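To start, the structure itself, in structure tokens.
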Amino acid sequence: MGPDYGVVTPGCLEAMAVLARTEGILVDPSYSGKALAGLIDHIRSGRLDPQEPVVFVHTGGTPALFAYNEVFSEQIAARSLAMPADQPQVTGGC
1 MGPDYGVVTP GCLEAMAVLA RTEGILVDPS YSGKALAGLI DHIRSGRLDP
51 QEPVVFVHTG GTPALFAYNE VFSEQIAARS LAMPADQPQV TGGC
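Residues in the sequence shown are numbered consecutively from 1, following our numbering.
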């Protein structure tokens, strides 16, 4: 989940981007982003069945995004935001 609290990992950024693109939901990188990255890792590693329903509770933290403005700007500039074909699809919502 990363080397330290508040340190944004590539997996966290990827998970945040997938959720934002597919559902329009923003999560923070300190808690929800890392938890979502862990969930996606569990699906990819086979610990969770991608065909089974999963409930992910996002309890807030969006204001924390403003503290990471530079990190996000660098990541956006450094890579394409196109979703890879093998990306697990996050579905659901209201």
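Idealized CB from N, CA, C, for every residue including glycine. Being a predicted model, the structure only gives us computed values, none of them experimental.
Inset, instruction - Whole angstroms is fine: what's the gap from E14's alpha carbon to L36's? - result: 10 Å
Inset, instruction - With DSSP collapsed to three states, give me the class of I25. - result: coil
Inset, instruction - Would you kindly work out how many angstroms separate the C-alpha atoms of Y31 and I43, rounded to a whole number? - result: 19 Å
Legend entry - Distance CB(G139)-CB(V7) smaller than 8 Å: Lying before the first or after the last residue shown, residue 139 is absent from the chain, which here runs from 1 to 94.
Legend entry - Contact belief for L48 with V54 at Cβ below 8 Å, rounded distance in angstroms: 6 Å
Inset, instruction - May I have the straight-line CA-CA distance separating F72 from V57, to the nearest angstrom? - result: 23 Å
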